[in-house]
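Sequence lines, in order, name chains A and B.
Counting from 1, one number per residue, gives the positions in the first sequence under our numbering.
Counting from 1001, one number per residue, gives the positions in the second sequence under our numbering.
Where a beta carbon is used, it is the ideal one built from N, C-alpha and C, also for glycine.
A quick note: this is a predicted structure, and the numbers were derived from the prediction, not measured.
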Amino acid sequence: MKVSKEELLHIANLANLYLEEGEIPNYLNNLQEILDFANIVNSAPVEKLDITMNAIEEKNVFRKDEVEIFTDNESLLQNAESKEMNMFKIPKVIN
Amino acid sequence: MDITELTVHELLEKLEKNEIEIKDITNAYLNNIEKKEKDVESFVTILSEEAKKQAEEIQEKKEKGEINSRFAGIPIGIKDNICTKGIKTTCSSKMLENFISPYDATVVEKLKSENMVNLGKLNMDEFAMGGSTEYSYFKKTKNPWNLNKVPGGSSGGSAAAVAAELVPWALGSDTGGSIRQPSSFCGVVGLKPTYGLVSRYGLVAFASSLDQIGPITKDVRDSALLLNIIAGYDKKDTTSKNMEKIDYEKGLKNDVKGLKIAIPKEFYGDGINREVKEILQKAIEKYKEMGAEVSEVSLDIAKYALATYYIIACAEASSNLGRFDGIRYTYRTKQYSNLKELYKKTRSEGFGKEVKRRIILGTYVLSSGYYDAYYKKAQQVRTLVMNEFNKIFENYDVILTPTSPTVAFDIGSKSNNPMEMYLADICTVSINIAGLPAISIPAGVDKEGMPIGMQIIGNKFEEQKILNTAYAFEQEFKFREKYKPEFKK
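Structure below.
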């Protein structure tokens, strides 16, 4: 499958990434090369095989819904670039 | 006697006989770091003062009888994607350059409960994406056997630090070979446990269905010892297996008589370097001499597995790395006018090229229109890979392959060619896809003196078998007595 520049930019936007004009050809080539290689999965003998999401056999792992209180808010906020009144501060979302 | 030349089990013997003191060990390693780290550049964070103080406190407590752990005062290095409370965990990324974890990973809690000493956090490819440690935002780690070569990756800092004797042992993480391949390149022992044996809680997620933490050590006995410490069920990781604890060190035995070893011929094909094949052939002969039953088998999945690996790993990474958005604990861009711009600029400036490449690939294969052709197909191939391994384990105990198609390559020779870098993972990725355990141990050197590793793969939760297979070879071959890193410039 051939990837277009528009498609690459659409994907980058979905992934919340900017690509600079100068970087685009390189990313485009790399993506194309890897996809061409990855395409081999379409020739693998997998008809009728189920999908595997995980190497473990357990399907659902249940536990009791027990409340544990975490009090060390300071350690959580220590990494925030911007904070106010014990909360993370972000730019205005709604006008 | 130079303390740093000893393995951990030798250190433990000396401690028991009161021939050395706890603080001597940490001091000896700190001295070595002082001397050699400038050449090797294996650490992101060195905890000199903290480690010194910790060792003195532990010695005092031990003398007073307040602690009785066998491993009290044994130092360790930790890959920088494993969370350590109060100490930076950077994943070798600008994104987490200043990130201080508010909690310890479960494996770190386990090290602490043994009163071990943390010497520091070890360099890696950014977010564990890479096979050479060249994609670290901070520095390029060098291979102690030849400083112009890469140490492998992504746990390149861990493997290089163990090889250079800057730490007695280390923790790494392995998503597609990231413990085994650097161990092979650096001439040390690296074990990737069965998926679910070791808790992933506090390991910064790359590809959650493939990641495992494991030991990088000087020899096989140390590998068993460190696995004893870190293995076990953890309610904080729902994929961890609730099973009876095994003492891998106690179970070690130097006997492979009657052991059935499978040699998959596809792993010894055209893409594998000639000297690597020769060394593996010698190892196979050695096993035969020791009484193992060796047979050639077919395991024709390597090329499908590699493609599947890059699809699945990147898909999971694109989702896992979505959390790095500049809000709570990451780098944040300086100028932005709205939230979307904050996200986009933060991520574009905070992630390196290889990470962005993989996020883009992962987003692509998960996006509508391509999901069935790539992601779903890859998940079916995953079933195929597991089935093929199962068939072999019906008749054999272990599988023996090269760890890497080549020895360590020159710094800079592959870092601009992602596809070539990915092909170097051909021998290791299928093990993660199937969730199996595998160990890499040194089996010889090439004509330039660079180490060559061999990989022993086991069935699920059969770590004991692969450790014993490795141990028997090691006792016979005595790699560490024959070869030493030379820090060639």
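Among residues of its own chain, excluding the 5 on either side of residue i, which ones have a beta-carbon nearer than 8 angstroms to its beta-carbon?
i	result
residue 1384 (chain B)	1301 and 1304
residue 1352 (chain B)	1093, 1094, 1126, 1135 and 1137
residue 1011 (chain B)	1003, 1020, 1025, 1074 and 1168
residue 1411 (chain B)	1132, 1134, 1140, 1142, 1148, 1149 and 1150
residue 1443 (chain B)	1279, 1280, 1282, 1283, 1452, 1453, 1454, 1473, 1477 and 1479
residue 1293 (chain B)	1258, 1259, 1260 and 1261
residue 1320 (chain B)	1205, 1206, 1207 and 1208
residue 1483 (chain B)	1187, 1442, 1445, 1449 and 1451
Just the C-alpha distance for residue i and residue j, rounded to the nearest angstrom, thanks.
i	j	result
residue 1189 (chain B)	residue 46 (chain A)	35 angstroms
residue 69 (chain A)	residue 1376 (chain B)	40 angstroms
residue 1177 (chain B)	residue 1425 (chain B)	7 angstroms
residue 1480 (chain B)	residue 1450 (chain B)	13 angstroms
residue 1055 (chain B)	residue 1183 (chain B)	27 angstroms
residue 44 (chain A)	residue 1307 (chain B)	11 angstroms
residue 1344 (chain B)	residue 18 (chain A)	6 angstroms
residue 1462 (chain B)	residue 1422 (chain B)	28 angstroms
residue 1047 (chain B)	residue 1249 (chain B)	29 angstroms
residue 1117 (chain B)	residue 1243 (chain B)	28 angstroms
residue 55 (chain A)	residue 24 (chain A)	36 angstroms
residue 1164 (chain B)	residue 1038 (chain B)	12 angstroms
residue 1342 (chain B)	residue 1336 (chain B)	5 angstroms
residue 1358 (chain B)	residue 1338 (chain B)	26 angstroms
residue 1115 (chain B)	residue 1265 (chain B)	46 angstroms
residue 1221 (chain B)	residue 1186 (chain B)	18 angstroms
residue 1365 (chain B)	residue 27 (chain A)	15 angstroms
residue 1027 (chain B)	residue 67 (chain A)	44 angstroms
residue 1235 (chain B)	residue 1241 (chain B)	9 angstroms
residue 1212 (chain B)	residue 7 (chain A)	34 angstroms
residue 1490 (chain B)	residue 1175 (chain B)	Outside the shown range of chain B, which is 1001 to 1489, sits residue 1490 (chain B), and nothing can be said about it.
residue 1374 (chain B)	residue 1311 (chain B)	7 angstroms
residue 1239 (chain B)	residue 1297 (chain B)	32 angstroms
residue 79 (chain A)	residue 1057 (chain B)	29 angstroms
residue 1309 (chain B)	residue 1051 (chain B)	38 angstroms
residue 82 (chain A)	residue 1005 (chain B)	47 angstroms
For residue i, write down the residues that DSSP places opposite it in a beta bridge.
i	result
residue 1217 (chain B)	B:1169 and B:1189
residue 1398 (chain B)	B:1261 and B:1458
residue 1212 (chain B)	B:1174
residue 1075 (chain B)	B:1117
residue 1419 (chain B)	Residue 1419 (chain B) is not bridged to any residue.
residue 1365 (chain B)	DSSP lists no partner for residue 1365 (chain B).
residue 1203 (chain B)	B:1082
residue 1407 (chain B)	Paired residues: none, contrary to the question.
residue 1451 (chain B)	B:1445
residue 1334 (chain B)	Looking at the DSSP assignment, residue 1334 (chain B) forms no beta bridge with any residue, so it has no partner.
Whose C-beta lies closer than 7 angstroms to the C-beta of residue i among residues of the same chain, with five residues either side of it excluded?
i	result
residue 1139 (chain B)	1041 and 1123
residue 1103 (chain B)	1083, 1085 and 1202
residue 1096 (chain B)	1089, 1090 and 1330
residue 1291 (chain B)	1256, 1257 and 1258
residue 1388 (chain B)	1299 and 1301
residue 1219 (chain B)	1007, 1189, 1474 and 1480
So, is residue i buried or exposed, given that buried needs 16 or more other C-beta atoms within 10 angstroms?
i	result
residue 100 (chain A)	Past the boundaries of the shown model lies residue 100 (chain A); chain A is included only from 1 to 95, so the question cannot be answered.
residue 1192 (chain B)	buried
residue 1129 (chain B)	buried
residue 1 (chain A)	exposed
residue 71 (chain A)	exposed
residue 1001 (chain B)	exposed
residue 94 (chain A)	exposed
residue 1369 (chain B)	exposed
residue 1382 (chain B)	buried
residue 1386 (chain B)	buried
residue 1295 (chain B)	exposed
residue 1372 (chain B)	exposed
residue 4 (chain A)	exposed
residue 1332 (chain B)	buried
residue 1325 (chain B)	buried
residue 1113 (chain B)	exposed
Quick one: what's got a C-beta closer than 6 angstroms to residue i's C-beta in the same chain, skipping five residues either side?
i	result
residue 1230 (chain B)	1107, 1110 and 1198
residue 1276 (chain B)	1402 and 1452
residue 1194 (chain B)	1437, 1460 and 1461
residue 1078 (chain B)	1121 and 1171
Taking the runs of the alpha helix (DSSP H) that are 4 residues or longer, which of them lie wholly in the stretch 1219-1306 of chain B? 1220-1230 and 1274-1289
Members of the stretch 65-76 of chain A near chain E, C-beta cut-off 7 angstroms: This model lacks chain E altogether; the protein chains it does include are A and B.
Residue ranges of each alpha helix (DSSP H) within the stretch 1136-1171 of chain B, 4 or longer: With a minimum length of 4 residues, the continuous alpha helix (DSSP H) runs that stay inside the stretch 1136-1171 of chain B are 1156-1163.
At what residue ranges does the stretch 1077-1136 of chain B contain a whole run of the beta strand (DSSP E), taking only runs of 3 or more? 1117-1122
For the stretch 1008-1085 of chain B, which segments carrying the beta strand (DSSP E) assignment without a break, of at least 3 residues, lie completely within its bounds, in sequence order? 1043-1046 and 1075-1079
Please specify which runs of the alpha helix (DSSP H), each continuous and at least 4 residues long, are wholly inside the stretch 1370-1397 of chain B, giving them in chain order. 1377-1395
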